[in-house]
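Colleague: First, the structure itself, so that you have it in front of you.
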Amino acid sequence: MYSNRLITLKTDDGEEFKLYEAVIIRSQVIKNIVEDVARACNSIPLSNIDGKIMTKVIEYWKKHSEKGVSTDQLNNFDKSFLKVHHSVVYDVLLAANNLDDNLLRNVMIQEVIDRIKGKTT
């Protein structure tokens with residue numbers, strides 16, 4: 001079980017985000033770092049991810065980590081979350097890939113596919 005310990009994520013452009021361990025372990029990369037350093041790590045550098053995109057990733061993580069949120073609520077959140085410029089979709093997809101967050105990566109890939117097919121604007 002993961003704790004309520006705060007971990008700092010530091011983006012490529014120097015922004016720092018303090019988040020609970022239970023939220024950030026959605027990323028397999030971060031989860032492995034936390035486990036490998038015997039839980040002594042309090043700050044994790046994130047290369048190739050800027051603060052703007054990490055803010056979007058964290059928004060997604062927090063919503064999908066909330067307890068008691070229904071599937072319908074998450075689906076509505078996801079629809080709203082994806083109403084961004086294509087460059088943001090692409091950058092969040094790259095971040096999800098770099099962080100090894102399969103759920104977020106799959107959501108973003110599906111959005112790219114839908115946009116290519118012309119199903120969404």
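Okay, so the sequence shown: first residue is 1 according to the UniProt record's numbering, each after it adds one. Glycine included, every Cβ here is placed at the ideal spot set by N, Cα and C.
(1) Which residue marks the beginning of the alpha helix (DSSP H) containing Ile109, and which one marks its end?
(2) What residue from Asn75, Asn4, Val88 and Asn102 has the CA that sits closest to Lys52's CA?
(3) On the three-state DSSP scale, how would you describe Ser47?
(4) Just how far apart, CA to CA, sit Val12 and Arg115?
(5) Classify Leu103 as buried or exposed, calling it buried when 16 or more other Cβ atoms lie within 10 Å of its own Cβ.
(6) Need the endpoints of the beta strand (DSSP E) that Ile7 sits in, please.
(7) Starting from Glu21 and walking both ways along the alpha helix (DSSP H), at which residues does that stretch end?
(8) DSSP on Lys63, reduced to helix/strand/coil?
(9) Among the residues of its own chain, which have a CB less than 6 Å from the CB of Leu82, if the five just before and after it don't count?
(10) State the CB to CB distance for the pair Ala96 and Val57, rounded to an integer number of angstroms; the pair is presumed to be in contact (CB under 8 Å).
Modeller: With the given structure in hand:
(1) Asn102 to Lys117
(2) Val88
(3) coil
(4) At residue 12 the sequence reads Asp, which differs from the Val that was named. Each residue's alpha carbon lies about 28 Å from the other.
(5) exposed
(6) Leu6 to Lys10
(7) Glu21 to Ile24
(8) helix
(9) Glu111
(10) The Cβ separation is near 7 Å, so the contact holds.
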